[in-house]
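These notes concern the structure reproduced below.
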Amino acid sequence: MSRRKKKEHHEDHMDESWLIPYADLLTLLLALFIVLFAMSSVDAVKFQMLSKAFNDVFSGGTGVFEFQSPMPEGQMESPDERKEDVEKNDQQAEAEKDQMELLALQQKVNSYIEDKKLNDKLNTSLTDEGLLLTIRDNVLFESGRAEVRSTDLNIANEIADLLIMEPPRNIIISGHTDNVPIKNARYESNWELSVMRAVEFMKIILKNEKLDPRWFSAKGFGEFQPVATNETAEGKARNRRVEILILPRTSNNPE
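Residue numbering for the sequence shown follows my numbering, starting at 109 and increasing by one per position.
So, in structure tokens, the structure goes:
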């Protein structure tokens with residue numbers, strides 16, 4: 109009888125097999141809190157490494173730790189990539205600021221044109237290349253000649269004053285002609301005439317001591333960059349011109 113009671117007492121002993129899954133559950137909860145803490149960090153790269161480490165440890169499970177990155181796939185950025193993004197944003201801000209400066213300069217030049225009643229001879233346009241000031245050739249030159257007329261030196265000097273900027277910008281002066289052939293004792297082609305007109309006008313501009321020659325260059329395009337048709341007298345008049353291109357600061361690179 110005593111043996112039977114002992115046996116029955118042993119069979120009534122509490123089953124402790126639940127401790128194993130309970131311990132596993134605690135481990136999972138601990139790991140979950142660690143993962144949640146990692147997700148609160150802005151460093152997505154470290155999170156990805158942590159996630160991979162837990163997947164390796166629990167590779168025999170159901171993939172509990174196969175969490176997605178806090179950032180969408182393809183947008184994980186390394187420190188270098190983040191630096192590039194910051195630099196791009198800075199460059200964009202500088203470009204916008206530069207455009208505002210060029211716009212202010214354009215308004216200043218337009219006011220000069222209005223005051224001097226030169227609307228039919230000078231005009232401005234703001235493009236991606238910079239601020240372009242166009243001067244008709246009949247404002248500065250005699251037909252077939254490159255020397256600035258003495259009667260127009262005052263206009264050239266006033267334009268020089270408009271080009272004084274701080275800090276300075278690169279400025280390109282270019283000459284253009286119509287397609288009527290030219291050949292005289294001085295110039296054998298429109299190309300040569302356009303080059304010399306740009307150079308002669310630049311020489312007048314640079315007599316202003318406040319302008320640094322390092323920021324200036326001259327070009328001649330002859331008849332090869334027309335802005336109007338050469339089939340009409342009006343179109344030819346528009347093509348005969350000197351242009352002053354004031355470049356954005358991003359392209360400033362004086363030697």
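Using N, Cα and C, we set each Cβ at its ideal position, and we do this for glycine too. Since we're looking at a predicted model, the values are computed, not measured.
{"Check": "Which residues does DSSP list as the beta-bridge partners of R244?", "Outcome": "R349"}
{"Check": "Taking the Cβ atom as the reference point for each residue, do F324 and H284 lie within a distance shorter than 9 Å?", "Outcome": "no"}
{"Check": "Tell me, to the nearest whole angstrom, how far the beta carbon of L355 is from that of N278; I am working on the premise that it is less than 8 Å.", "Outcome": "4 Å"}
{"Check": "So, D206 versus R357, is the Cβ gap smaller than 9 Å?", "Outcome": "yes"}
{"Check": "By Cβ distance below 6 Å, which residues in the same chain neighbour R244 in space, the five residues on each side in sequence not counted?", "Outcome": "K229 and R349"}
{"Check": "Since I267 is in the beta strand (DSSP E), which residue starts that stretch and which ends it?", "Outcome": "Premise fails: I267 lies in the alpha helix (DSSP H), L261 to L270, not in any beta strand (DSSP E)."}
{"Check": "Do R257 and E266 have their C-beta atoms within less than 9 Å of each other?", "Outcome": "no"}
{"Check": "Does the pairing of the region 193 to 212 with the region 307 to 325 give three or more beta-carbon distances under 8 Å?", "Outcome": "no"}
{"Check": "Below 8 Å on the Cβ atoms is my contact criterion, and I expect E308 with A254 to pass it. Report the Cβ-Cβ distance as a whole number of Å.", "Outcome": "5 Å"}
{"Check": "Around the C-beta of E351, are 16 or more other C-beta atoms found within 10 angstroms, so that it is buried, or is it exposed?", "Outcome": "buried"}
{"Check": "Suppose contacts are defined by Cβ-Cβ distances below 9 Å. Is P321 in contact with D286 by that definition?", "Outcome": "no"}
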